[in-house]
Structures are given as C-alpha cells and as structure tokens.
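S.K.:
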Amino acid sequence: MNKTFRALALSACLSAVAATAQAATATAVFAGGCFWCIEADFEKLAGVTEVESGYTAGKTVNPTYEQVSSGHTGHTEAVRVIYDPAKVSYAELVEYFWRHIDPTVKDRQFCDIGSQYRSGIYWGNPAERQVVEASRDALLMSSRFKAIHTELAPASAFYLAEDYHQDYYKKNSVRYNYYRYSCGRDARVKSLWQ
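With mature numbering (1 follows the signal peptide of the UniProt record, and there is no 0) applied, the sequence shown covers -23 to -1, 1 to 171.
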C-alpha cells in the first residue's frame, strides 16, 4: 500500500469516526438564571459531553452580554447542552433541569432579577415538546408547586456568550463560588426539592 493511499484511507476513516461521533450526540437548550451556574450543574451529569453558555429566545441578532443584561433584547441567559442520547435521555435532562432551578418565580432566578434571567426549556421537535409539557404537567399534578413560571417554547437562535463566560466556574472558581453562595441558589434549590 503506497503512502498516498494510506493517507487517503486514514483520512476517510477519521472522517467516518468524526461523523459517527457527531451523529451520536444531540443538543438541548435550557435557561436557569445565571448561565455560569446552570452550565456547572449540567457538566456534572453523566452523558453530557459539553455545555455552552449563551443567549436565546430574544429578538436581537448576535447580542452581547451588555445588551442582554440590560433586559432590552428579549433574550434569556441559557445553556446549550450537548449530550449522548445513549447515556442520558432528553427526558432525564429535563428532570435534572427542574431540580436545579426555582420554577415558582417569574422573570428571575435566585438573586438575579429581570426577564434575562427567566427560566426556560426550549424544545427542538414535537417529541421533545411532549416530554417537556408532560414533565411540567406531572410537577403541577404532584401539588409540589401551585404554579410553574418556567417558559416552555420552541428553540430559536442560540448565540454563544463571549469566551470569558464559557467555563467561568472553572476559570474563576473563587468568584464563581462566592457568587453562587451569596446568591442563595443552592439553599433555595434544596428547600424546593427536598
């Protein structure tokens, strides 16, 4: 086998492996207040391969953090979860999400107030919509909550947040941990879901 043929064969194999790996993942979009926190939570879940912080459900194209945080673009801070459906299902992601937010409040999460911090689940197809709505309905029927204010809507454009927001909890752990603790996120989640 000559070197050129071997190189072409290797290239074709690598392309096939990359295509298979890509086909083995799916994405889901959630908003749970501060994207640093919800990113950190989802990255702990087995079957999740990557989580990206960004903005969704708004009207401005390519918004910046400053624009979104002003509350005038209609976006909410969100995460795009990339996961392996063979290891974790969409329904499991939804159930996991509920237990990391406060669904009882409108246009806020914990110490962050404004529509840019609203919680949301943004489905990508009719099957995901059924999962999301059934999950919400089961929570309401459980009588755990009188009302759920989490936005349920079809997925729209997702814009990646600036690089310094990605993996913020890893890159700035002291600031992140102080923020998370002082915001009361974990204490509130614990009180809601015990």
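Glycine is no exception: its CB is placed at the ideal position from the N, C-alpha and C atoms.
Computed from a predicted model, the values in this text were never measured in an experiment.
Can you give me the C-alpha to C-alpha distance between residue 137 and residue 119, rounded to a whole angstrom?
M.R.: Against the sequence shown, residue 137 aligns to sequence position 160. Against the sequence shown, residue 119 aligns to sequence position 142. Straight-line Cα distance between these residues: approximately 36 Å.
S.K.: Is residue 161 helix, strand or coil when you go by DSSP?
M.R.: Walking along the sequence shown from the start, residue 161 turns up at place 184. Coil at residue 161, not helix or strand.
S.K.: Determine the direct distance from the alpha carbon of residue 127 to that of residue 8, and round the result to whole angstroms.
M.R.: Within the sequence shown, numbered from 1, the residue matching residue 8 stands at position 31. Within the sequence shown, numbered from 1, the residue matching residue 127 stands at position 150. Across the structure, residue 8 and residue 127 are spaced so that their CA atoms are roughly 9 Å apart.
S.K.: Leaving out five residues before and five after residue 74 in sequence, what residues of the same chain have Cβ atoms less than 6 Å from its Cβ?
M.R.: Looking up residue 74 in the sequence shown gives position 97. Counting only Cβ-Cβ distances below 6 Å, and skipping sequence neighbours, we find 7.
S.K.: Counting beta carbon pairs with one atom in the region 143 to 161 and one in the region 49 to 63, are three or more of them shorter than 8 Å?
M.R.: no
S.K.: Express the C-alpha separation of residue 62 and residue 37 in angstroms, rounding to a whole number.
M.R.: Mapped onto the sequence shown, residue 37 falls at position 60. Mapped onto the sequence shown, residue 62 falls at position 85. Each residue's Cα considered, the two are about 32 Å apart.
S.K.: Which class does residue 132 belong to by DSSP, given the choice of helix, strand or coil?
M.R.: Taking the first residue of the sequence shown as 1, we reach residue 132 at position 155. Here residue 132 sits in coil by DSSP.
S.K.: Please report how far the alpha carbon of residue 110 lies from the alpha carbon of residue 169, in whole angstroms.
M.R.: As a first step, residue 110 must be located in the sequence shown, where it is residue number 133. As a first step, residue 169 must be located in the sequence shown, where it is residue number 192. If you take the alpha carbons of residue 110 and residue 169, they lie about 20 Å apart.
S.K.: Pull up the distance between the alpha-carbon of residue 164 and that of residue 116, whole angstroms please.
M.R.: On the sequence shown, residue 164 is found 187 positions in, with the first residue counted as 1. On the sequence shown, residue 116 is found 139 positions in, with the first residue counted as 1. Each residue's Cα considered, the two are about 20 Å apart.
S.K.: Could you tell me the alpha carbon to alpha carbon distance between residue 95 and residue 66, rounded to whole angstroms?
M.R.: Taking the first residue of the sequence shown as 1, we reach residue 95 at position 118. Taking the first residue of the sequence shown as 1, we reach residue 66 at position 89. Whole-angstrom Cα-Cα distance: 24 Å.
S.K.: Can you tell me the Cβ-Cβ gap for residue 52 and residue 86, rounded? I've got them flagged as a contact below 8 Å.
M.R.: Indexing the sequence shown from 1 puts residue 52 at position 75. Indexing the sequence shown from 1 puts residue 86 at position 109. Cβ atoms of residue 52 and residue 86 stay farther apart than 8 Å, at about 14 Å.
S.K.: Taking the straight line between their C-alpha atoms, what separation do you get for residue 68 and residue 154?
M.R.: For this step, residue 68 is matched to residue 91 along the sequence shown. For this step, residue 154 is matched to residue 177 along the sequence shown. Their Cα atoms are separated by approximately 29 Å.
S.K.: Between residue 17 and residue 139, what straight-line distance do the alpha-carbon atoms span, to the nearest angstrom?
M.R.: Here residue 17 refers to the residue found at position 40 when the sequence shown is read from its first residue. Here residue 139 refers to the residue found at position 162 when the sequence shown is read from its first residue. In a straight line, the C-alpha of residue 17 is about 16 Å away from that of residue 139.
S.K.: Could you pull out every residue in the same chain whose Cβ sits closer than 6 Å to the Cβ of residue 4, ignoring the five residues on either side in sequence?
M.R.: Here the question's residue 4 lines up with position 27 in the sequence shown. The residues are 57, 59.
S.K.: Would you say residue 143 reaches chain D, if we count a Cβ-Cβ gap shorter than 8 Å as a contact?
M.R.: Reference to chain D is not applicable here, since this structure consists of a single protein chain.
S.K.: From residue 97 to residue 64, what distance separates their C-alpha atoms?
M.R.: The residue given as residue 97 occupies position 120 in the sequence shown. The residue given as residue 64 occupies position 87 in the sequence shown. In a straight line, the C-alpha of residue 97 is about 23 Å away from that of residue 64.
S.K.: Give the single residue among 45, 12, 33 whose Cα lies nearest to the Cα of residue 131.
M.R.: If you number the sequence shown from 1, residue 131 lands on position 154. Nearest option by C-alpha distance: 33.
S.K.: If we ignore side chains and look at the alpha-carbon of each, how far apart do residue 175 and residue 152 end up?
M.R.: Nothing can be reported for residue 175, as the shown portion of the chain is limited to -23 through 171.
S.K.: Assign residue 170 to one of three DSSP states: helix, strand, or coil.
M.R.: Counted from its first residue, the sequence shown places residue 170 at position 193. If DSSP states are grouped into helix, strand and coil, residue 170 belongs with the helices.
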